[in-house]
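**Student:** In terms of the working numbering, the sequence shown opens at residue 1 and continues consecutively.
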Amino acid sequence: MCNCDPKDVESLKERQCGLCAAAEKQAPGTVVFFAQDTNPRKPNRWLAMPRQHSPGMHLLGDLPLETRTELWREAIGKAKSLWGDQWGVATNGVKARTQCHVHIHIGRLIEGVEWGDFLVIDGPEEIPDPGNSGLWIHPAGAKLHVHTDEQVSETVLLR
Ligand SMILES: [Zn+2]
Ligand SMILES: [Zn+2]
Ligand SMILES: [Zn+2]
Numbered sequence: 001m002c003n004c005d006p007k008d009v010e011s012l013k014e015r016q017c018g019l020c021a022a023a024e025k026q027a028p029g030t031v032v033f034f035a036q037d038t039n040p041r042k043p044n045r046w047l048a049m050p051r052q053h054s055p056g057m058h059l060l061g062d063l064p065l066e067t068r069t070e071l072w073r074e075a076i077g078k079a080k081s082l083w084g085d086q087w088g089v090a091t092n093g094v095k096a097r098t099q100c101h102v103h104i105h106i107g108r109l110i111e112g113v114e115w116g117d118f119l120v121i122d123g124p125e126e127i128p129d130p131g132n133s134g135l136w137i138h139p140a141g142a143k144l145h146v147h148t149d150e151q152v153s154e155t156v157l158l159r
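Written as structure tokens, this is what we have:
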């Protein structure tokens, strides 16, 4: 649980609220922004985030549907621009997250990963609300696979 309040700058100094502070620095009116993963062990990773905060642990489902769709669309666009057709995007479940603010991991899909339950969809507007769990998405021909029901999803991406 997180008690941060974007209107209270002091409350964003908690370690787990670092991405909230980054969101606050974006120009008003920004919907989605990107940042390189600051973890030195993940030099190839980017994050896509909404400017908008949600209370507590910031569930994806707390965002308006249009914002969520825009977030996925932009994350996938960035992933494609970096990694061509080897891209992957992932979000961890609430239990596996070390930052409260919603963030999508962007990276290169590790060669050959394909496991668990998945949906086959046509585009970002069909990505389901993962609730408390995580999901990871990668291209499969002209379609997308959405792999669901995993807390730790970002491990399918190259560090
Ligand atoms: Zn927080
Ligand atoms: Zn936040
Ligand atoms: Zn798949």
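Beta carbons are placed, not taken as given, at the ideal position from N, Cα and C, and that holds for glycine.
Bear in mind that the values here come from a model prediction, so they are computed numbers and not experimental data.
Helix or strand or just coil, what does DSSP make of residue 67?
**Tutor:** Counted from its first residue, the sequence shown places residue 67 at position 67. Here residue 67 sits in helix by DSSP.
**Student:** Any Cβ of chain D within less than 8 Å of the Cβ of residue 13?
**Tutor:** Looking for chain D here will not work: only one protein chain is present.
**Student:** Cβ-heavy atom distance between residue 24 and ligand 1 below 7 Å?
**Tutor:** To locate residue 24, count along the sequence shown from 1; it is residue 24. No, ligand 1 has no heavy atom inside 7 Å of this Cβ.
**Student:** Can at least three beta-carbon pairs, one atom from the region 125-142 and one from the region 51-68, be found at a separation below 8 Å?
**Tutor:** Segments in contact, yes.
**Student:** When you measure from the CB of residue 10 to every non-hydrogen atom of ligand 1, does any distance come out below 7 Å?
**Tutor:** Residue 10 sits at position 10 when you count from the first residue of the sequence shown. No, since every heavy atom of ligand 1 falls outside the 7 Å radius drawn around the Cβ of residue 10.
**Student:** In this structure, what does DSSP give as the bridge partners for residue 163?
**Tutor:** Since the first residue of the chain shown is 1 and the last is 159, residue 163 is not available in this structure.
**Student:** Determine the DSSP secondary structure at residue 56, reduced to helix, strand or coil.
**Tutor:** On the sequence shown, position 56 is the one that residue 56 refers to. Here residue 56 sits in coil by DSSP.
**Student:** Taking the alpha helix (DSSP H) that residue 22 falls in, what are its first and last residues?
**Tutor:** Counted from its first residue, the sequence shown places residue 22 at position 22. Taken as a continuous stretch (DSSP letters only), the alpha helix (DSSP H) holding residue 22 covers 18-24.
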